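Undergrad: In my numbering, the protein residues as written are 206 to 356.
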Amino acid sequence: MTERRLLLVNGPNLNLLGTREPEVYGTSTLADVERIVSDAAASRGYAIRAIQSNHEGVLIDGIHAAREDCAGIVINPGGLTHTSVSLRDALAGVALPVAEIHISNPRERESFRHHSYVEDVAIVHVAGEGVGGYETATLRLIDVLTGQADG
Ligand code: CA2
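Right under this line is the structure:
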């Protein structure tokens with residue numbers, strides 16, 4: 206049976222959403238983000254499992270577990286976007302469709318944020334739309350899963 210569940214992954218420091226740097230990341234909290242993704246997924250008949258961790262290995266274990274019961278992954282890897290070959294390898298290893306989402310647009314920020322190790326293992330890319338980008342990413346990923354789009 207085809208799984209109708211998505212894994213939502215938020216990386217390091219995203220637990221601080223809504224508490225600091227509102228000029229960059231807005232005022233919504235991580236709980237708000239998880240609700241946005243859950244509501245978007247539910248509108249298409251999908252459930253979600255949400256994880257956030259400040260520890261790379263915990264994120265990698267969560268991604269590996271998605272092999273068992275998820276159809277795709279929505280991920281904001283946080284700063285690991287720009288540093289982690291291991292996170293990228295985990296995403297490539299599970300071979301599920303991936304949507305990469307960033308609240309800000311890293312390409313318009315410091316040069317050390319311009320490269321993403323996740324980019325070429327993701328089929329959907331959303332950046333610079335604020336937390337609303339999580340809804341866009343979720344719906345576009347489901348469109349890919351249901352064959353209505355190619356990313
Ligand atoms: O724009 C994004 O979503 C980022 O993935 C956020 C990461 C950053 O390293 C990426 O370059 C772009 C940082 C997440 C930190 O989140 C915070 C939220 C509120 C207060 C402090 C940090």
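Glycine included, C-beta positions come from ideal geometry on N, C-alpha and C. Just so it is clear, the structure is predicted and the values come from calculations on it, not from any experiment.
Under a three-way DSSP split, which group does ARG375 fall into?
TA: With the chain running from 206 to 356 in the structure shown, residue 375 is simply not present.
Undergrad: How many angstroms separate the CA atom of GLU226 from the CA atom of HIS330?
TA: Residue mapping note: residue 226 aligns to position 21 of the sequence shown, counting from 1. Residue mapping note: residue 330 aligns to position 125 of the sequence shown, counting from 1. Using only the alpha carbons, I get a separation of about 23 Å.
Undergrad: At the level of alpha carbons, what is the spacing between THR234 and GLY352?
TA: Taking the sequence shown and counting its residues from 1, one reaches residue 234 at position 29. Taking the sequence shown and counting its residues from 1, one reaches residue 352 at position 147. C-alpha separation (whole angstroms): 32 Å.
Undergrad: Taking SER291 as the reference, give the member of GLU273, ILE328 and ASP266 with the closest Cα.
TA: Taking the sequence shown and counting its residues from 1, one reaches residue 291 at position 86. Comparing Cα positions, the closest option is ASP266.
Undergrad: Could you tell me the distance, in whole angstroms, from the CA atom of ARG345 to the CA atom of PHE317?
TA: Sequence index remark: in the sequence shown, residue 345 carries index 140 (1-based). Sequence index remark: in the sequence shown, residue 317 carries index 112 (1-based). So the two alpha carbons sit approximately 27 Å from each other.
Undergrad: Go to GLY337, then tell me how far its alpha helix (DSSP H) extends in each direction, as first and last residue.
TA: In the sequence shown, counting from the first residue as 1, residue 337 sits at position 132. It spans 337–350 - the alpha helix (DSSP H) in which GLY337 sits, taken as one unbroken run.
Undergrad: Can you find a heavy atom of ligand 1 that lies under 8 Å from the Cβ of GLU261?
TA: Taking the sequence shown and counting its residues from 1, one reaches residue 261 at position 56. False, no ligand heavy atom lies under 8 Å from that Cβ.
Undergrad: Return yes when at least one heavy atom of ligand 1 lies under 8 Å from the C-beta of THR224, else no.
TA: What you label residue 224 is simply residue 19 of the sequence shown in a count that begins at 1. Checking every heavy atom of ligand 1 against the Cβ of THR224, one is found closer than 8 Å.
Undergrad: Let me know the alpha helix (DSSP H) ranges lying completely inside the region 214–274, each 4 residues or longer, listed in chain order.
TA: Those alpha helix (DSSP H) runs which fall completely within the region 214–274 and span 4+ residues are 227–230, 235–247 and 261–274.
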